[in-house]
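Residue numbers (the numbering used here), protein chains in the order written: chain W, 1 to 86; chain F, 1001 to 1329. Glycine is no exception: its CB is placed at the ideal position from the N, C-alpha and C atoms. Encoded as structure tokens, the structure appears first; notes follow it.
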């Protein structure tokens, strides 16, 4: 279970600018409520923040281009993430 | 020049073959002589060579059709044809008459902890019911998590947990679709946290356990080597060449962040010289034919430049003598 939480946290860091900024300001606080092992929390806290930032910038850019191209409009993408299909 | 050898009572004539293959022919003849055979024949069959291809993009369609003599394989991005309109099906059927089609996808998320969603499997199933799938590839990546569609390829942590997840997902894909994809190494600007393996050791564990083949992306190795300050040739040398069935060639660019430079694999640049050198190295390691495919996703160059890249790959293939396989009858 906890690895999927870890993976989801990575996905949020790569795609959600506001969450990334909060995390960079205070990683411990951003992770406190998450069901992660100590090792997983440490791995996220120790993450190379420069690498994470540049990866997130590139990711958000590519993601918008790719999803708008392959899945339709940005509006559809917005609703797709707001109400994800299970 | 044919050459005569005497082997016991057999007179062996070896046709015009490179000298290093004579030994193998004589080995076969020696077995025949020892068995007291009155005659032995050896059939020499040239193995198929490596083939060259390019990714199908409408923007370079005319270039591809005009240069079909240089292009054997055509890579089709499955996601671009998901709707499978009559026009899509007609296009693919037409291309299938001219080229060997290789299907490539980005949406499987084979390394994702939540598995492959049913809706995705349904899309692939529909696609694969219409075309014979001799070659299909996806990536060592996750593309969705907890309701977030990432829309791009993300590197999972390289650890035991993701090895198990990937193997489980591969098994599921095999059961549902009847096929498993060759998996491609990806580029990443972020060294995946929580990793306990090197990238190559992690991939090897999956390939050895799952038994599937691999798509080796040369530029992704180069990008990761640059971004994590590794030697690209040493990294390439660590790959399991026995599993490699396809190779991707593309170009990326340097981007600056703060004071550091990072190599971004954007598929919008020409293949750099080091890419060709790495391909040459990879070809020296391969003992079986593979398909070498150029990926270009934008900033399309003049036809002459793209053509020169195809020719350069053909030249690298031809630099090595075509491997020859011997069968005795």
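By the beta-carbon neighbour count (other beta carbons within 10 angstroms, threshold 16), residue 58 (chain W) is buried. DSSP, reduced to helix, strand and coil, places residue 1242 (chain F) within a helical segment of the structure shown. Contact annotation: the region 1077 to 1093 of chain F does not touch the region 1113 to 1120 of chain F, with fewer than three C-beta pairs closer than 8 Å. Rounded to the nearest whole angstrom, the CA to CA distance from residue 54 (chain W) to residue 1147 (chain F) is 23 Å. Only buried fits residue 1232 (chain F), as 16 or more other CB atoms lie within 10 angstroms of its CB. In the DSSP assignment, residue 1269 (chain F) falls within the beta strand (DSSP E) that extends over 1260 to 1269. Scanning F:1289, F:1180, F:1253 for the CA closest to the CA of residue 1269 (chain F) turns up F:1253. Going by DSSP, residue 1049 (chain F) is part of no beta strand (DSSP E) at all; its letter is neither H nor E.
Only residues of its own chain outside the window of five on either side were considered, and among them 1232 have a CB closer than 6 Å to the CB of residue 1222 (chain F), listed in chain order. In this structure, the beta-carbon distance from residue 1182 (chain F) to residue 1091 (chain F) does not fall below 8 Å. One thing to note: residue 1197 (chain F) has its Cβ no nearer than 8 Å to the Cβ of residue 1136 (chain F).
Residue state for residue 1257 (chain F) is assigned as strand, using DSSP reduced to three classes. Contact annotation: residue 1079 (chain F) and residue 1106 (chain F) have beta-carbon atoms nearer than 8 Å. Straight-line measurement puts the Cα of residue 1161 (chain F) at about 24 Å from the Cα of residue 1177 (chain F). Taking 8 Å as the threshold, the shortest C-beta distance from residue 1127 (chain F) to chain W does not fall below it. Contacts between residue 1142 (chain F) and chain W, judged by CB atoms closer than 9 Å, involve 7, 10, 11 in chain order.
For residue 1071 (chain F) and residue 1054 (chain F), the gap between their C-alpha atoms comes out near 7 Å. At a beta-carbon threshold of 8 Å, the residues of chain W lying near residue 1113 (chain F) are 3, 4, 7, ordered along the chain. DSSP, read as helix, strand or coil, puts residue 1294 (chain F) in strand.
Contact of residue 50 (chain W) with chain F is assigned, a C-beta pair being separated by under 8 Å. Inside the region 1191 to 1245 of chain F, DSSP marks whole beta strand (DSSP E) runs of 3 or more residues at positions 1214 to 1217, from first to last along the chain. Straight-line measurement puts the Cα of residue 1191 (chain F) at about 17 Å from the Cα of residue 1256 (chain F).
In this structure, residue 1220 (chain F) sits near residue 1187 (chain F), with a CB-CB distance shorter than 8 Å.
The Cβ of residue 40 (chain W) sits closer than 8 Å to at least one Cβ of chain F. Rounded to whole angstroms, residue 1273 (chain F) and residue 1294 (chain F) show a C-alpha spacing of 14 Å. The beta carbon of residue 5 (chain W) sits closer than 6 Å to the beta carbons of 34, 35, 36 from its chain, once the five residues preceding and following it are set aside; these are given in chain order. Here the C-alpha atom of residue 42 (chain W) lies approximately 27 Å from the C-alpha atom of residue 1263 (chain F).
Put simply, the backbone Cα of residue 1234 (chain F) is about 13 Å away from that of residue 1277 (chain F). Assignment of residue 1137 (chain F) by DSSP, reduced to helix, strand and coil, places it in the strand class. For residue 1217 (chain F), same chain residues with a beta-carbon under 7 Å away, outside a window of 5 residues either side, are 1184, 1185, 1248 in chain order.
Assignment of beta-bridge partners to residue 1073 (chain F) by DSSP yields F:1053, F:1100.
Note: residue 1251 (chain F) is bridge-paired with F:1269 in the DSSP secondary-structure output. With a threshold of 8 Å between beta carbons, residue 1058 (chain F) makes no contact with chain W.
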